[in-house]
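Colleague:
In the working numbering, the protein residues as written are 223 to 317.
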């Protein structure tokens, strides 16, 4: 959602759902680029996308992550960010 692209897609290639699932299972967890994402956001995403269930945090702990706590105080920013990403996704799907 952050990038507006499916993290396991292959450019210019339509993939079946089975191919996407196989790609998810075989590939490393996706990472966000340094720019324009903050270190806190990248850390949050990395924690959420960890494939090793024993290393993933539960929802209650994730809600205490610095990125969530910091941005929950400014919920308008988070809502605006989500809306912008949603609009980008809709535009990409129309192409």
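Note that the Cβ used here is the ideal one computed from N, Cα and C, for glycine as well.
These numbers come from a predicted model, not from an experiment.
At the level of alpha carbons, what is the spacing between residue 298 and residue 244?
Modeller: In the chain shown, residue 298 corresponds to position 76, counting from 1. In the chain shown, residue 244 corresponds to position 22, counting from 1. One C-alpha to the other measures close to 37 Å.
Colleague: Please state whether the Cβ-Cβ distance between residue 251 and residue 271 is less than 8 Å.
Modeller: Along the chain shown, read from residue 1 onward, the residue named residue 251 stands at position 29. Along the chain shown, read from residue 1 onward, the residue named residue 271 stands at position 49. It is a contact, given that the beta carbons lie within the stated cut-off.
Colleague: What does a CB cutoff of less than 6 Å around residue 263 pick up in its chain, not counting 5 residues either side in sequence?
Modeller: Here residue 263 is taken as the residue at index 41 of the chain shown, counted from 1. Closer than 6 Å at the Cβ level, and outside the excluded window around residue 263, lie 289.
Colleague: For a test of the three-state rule: what should DSSP assign to residue 281, helix, strand or coil?
Modeller: Taking the chain shown and counting its residues from 1, the one referred to as residue 281 is at position 59. In the structure shown, residue 281 sits in a helix (DSSP, three-state: H, G or I).
Colleague: Are the beta-carbon atoms belonging to residue 267 and residue 254 less than 8 Å from one another?
Modeller: For the purposes of this step, residue 267 is taken as the residue at position 45 of the chain shown. For the purposes of this step, residue 254 is taken as the residue at position 32 of the chain shown. Contact flag set, yes.
Colleague: Check residue 248 in the structure and name its three-state DSSP category.
Modeller: In the chain shown, the residue the question calls residue 248 occupies position 26. Looking at residue 248 - three-state DSSP - the assignment turns out to be helix.
Colleague: Can you give the beta carbon distance from residue 259 to residue 224, rounded, assuming they're within the 8 Å contact cut?
Modeller: Here the question's residue 259 lines up with position 37 in the chain shown. Here the question's residue 224 lines up with position 2 in the chain shown. Indeed they touch by this definition, with Cβ atoms about 7 Å apart.
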